[in-house]
Amino acid sequence: MLSQDQEGYAQSYEALASAGRPDEIDPGIPLLLITGADDPIGPPAESQKIAATHGNAIVHIIDDCGHWPMLEAHETVTNDVSQFLEKA
1 MLSQDQEGYA QSYEALASAG RPDEIDPGIP LLLITGADDP IGPPAESQKI AATHGNAIVH
61 IIDDCGHWPM LEAHETVTND VSQFLEKA
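In structure tokens, the structure reads:
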């Protein structure tokens with residue numbers, strides 16, 4: 001994290017802080033939730049809770065993966081996102 005641009009890093013946290021709550025997401029919008037099975041920060045149960053209240057969500061839990069599935073399992077994430085976008 002030390003090599004990251006401080007301003008960009010701060011802006012990303014501002015965006016997270018100002019984001020809406022999951023229950024405010026329009027249920028008509030397709031939603032793809034990708035999480036690592038071993039993620040201690042955003043555990044799969046949280047993604048499953050969001051999906052249960054959304055109604056138009058897909059949850060993919062990646063085995064042997066932690067908090068950074070886009071780095072730890074990039075091919076799986078790329079495939080999931082590609083398939084999701086093809087159907088959207």
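Residue numbering for the sequence shown follows the UniProt record's numbering, starting at 1 and increasing by one per position. Here a beta-carbon is modelled for each residue, glycine too, at the ideal position from N, C-alpha and C.
Going along the chain, which residues of its own chain have a beta-carbon closer than 8 Å to the beta-carbon of residue i, five neighbours each way excluded?
| i | result |
| --- | --- |
| F84 | P30, L32 and I58 |
| N79 | none |
| P43 | T35 |
Can you grab the Cα-Cα spacing for the pair residue i / residue j, in whole Å?
| i | j | result |
| --- | --- | --- |
| Q48 | G8 | 30 Å |
| R21 | I50 | 10 Å |
| Q11 | A45 | 28 Å |
| L71 | A88 | 24 Å |
| D5 | A52 | 36 Å |
| E14 | E86 | 31 Å |
Assuming residue i contacts residue j (C-beta within less than 8 Å), just tell me the rounded distance between them.
| i | j | result |
| --- | --- | --- |
| D39 | H67 | 5 Å |
| H54 | I34 | About 15 Å separates the two Cβ atoms, so there is no contact after all. |
| P69 | V77 | 5 Å |
Drop a sphere of 10 angstroms on the beta-carbon of residue i, count the other beta-carbons inside from all chains shown, and report buried for 16 or more, exposed for fewer.
| i | result |
| --- | --- |
| I41 | exposed |
Considering only residues of the same chain and omitting the five flanking positions on each side of residue i, which have a CB-CB separation below 6 Å?
| i | result |
| --- | --- |
| D63 | A37 |
| A17 | none |
Who are the near neighbours of residue i in its chain, counting only those whose CB is closer than 7 Å to its CB and skipping five residues on each side?
| i | result |
| --- | --- |
| P27 | H54, G55 and N56 |
| I25 | L31 and H54 |
| C65 | G36, A37, D38, E72 and A73 |
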